[in-house]
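Each residue of the sequence shown is one higher than the last, beginning at 14 in my numbering. Positions of the beta carbon are idealized from the N, C-alpha and C atoms, including for glycine.
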Amino acid sequence: QVQLVESGGGLVQAGGSLRISCAASGRIFGGYMGWFRQAPGKEREFVASISWNGGSTRYADSVKGRFTISRDSAKNTVYLQMNSLKPEDTAVYYCALKRLGSSDYDYWGQGTQVTVSS
14 QVQLVESGGG LVQAGGSLRI SCAASGRIFG GYMGWFRQAP GKEREFVASI SWNGGSTRYA
74 DSVKGRFTIS RDSAKNTVYL QMNSLKPEDT AVYYCALKRL GSSDYDYWGQ GTQVTVSS
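Pasting the structure below:
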């Protein structure tokens, strides 16, 4: 089984920065780690993803240039560095794993709240 645990959320002022983490345990088998977010009353949306093995990344247009996803393979941990935060970035942030060969994200964390005040 795979377990994903997010941490590092909190309250930050607009323009500030925050880094959230996702620690993965279990049988990961490569694949991709993604960050998603869900704001109140809105659907969950993709934020960023990174491959475990090659480090290739992808970002939603809304966060390009402000957020950076990275991974520490030795620690099985993925990070999301969020800079120049805006109130519209306020959401619960979830990490998820899409294992190699899977067509969708198979495992999800419990989420961490990020609140950006104006």
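Requested in this report: For Gly124, I'd like the list of residues in its chain whose CB is within less than 7 Å of its CB, leaving aside the five on either flank, ordered along the chain.
Outcome: The residue given as residue 124 occupies position 111 in the sequence shown. The answer, listed in chain order, is Glu19, Val105, Tyr106, Tyr107.
Query raised in the report: Between Tyr120 and Val127, what straight-line distance do the alpha-carbon atoms span, to the nearest angstrom?
Result: The residue labelled residue 120 in the question sits at position 107 within the sequence shown. The residue labelled residue 127 in the question sits at position 114 within the sequence shown. When rounded, the distance between both Cα atoms is 21 Å.
**Report entry** Spatially closest choice to Gly54 from Glu101, Ser38, Met46, Ser130, by CA coordinates
**Finding:** As a position in the sequence shown, residue 54 is number 41, starting the count at 1. When each option's Cα is compared against that of Gly54, the closest is Glu101.
Requested in this report: Give the DSSP-derived three-state secondary structure of Asp74 in the structure shown.
Outcome: In the sequence shown, counting from the first residue as 1, residue 74 sits at position 61. Three-state result, Asp74: coil.
Query - Where Asp119 falls: helix, strand or coil (DSSP) - result: Indexing the sequence shown from 1 puts residue 119 at position 106. If DSSP states are grouped into helix, strand and coil, Asp119 belongs with coil.
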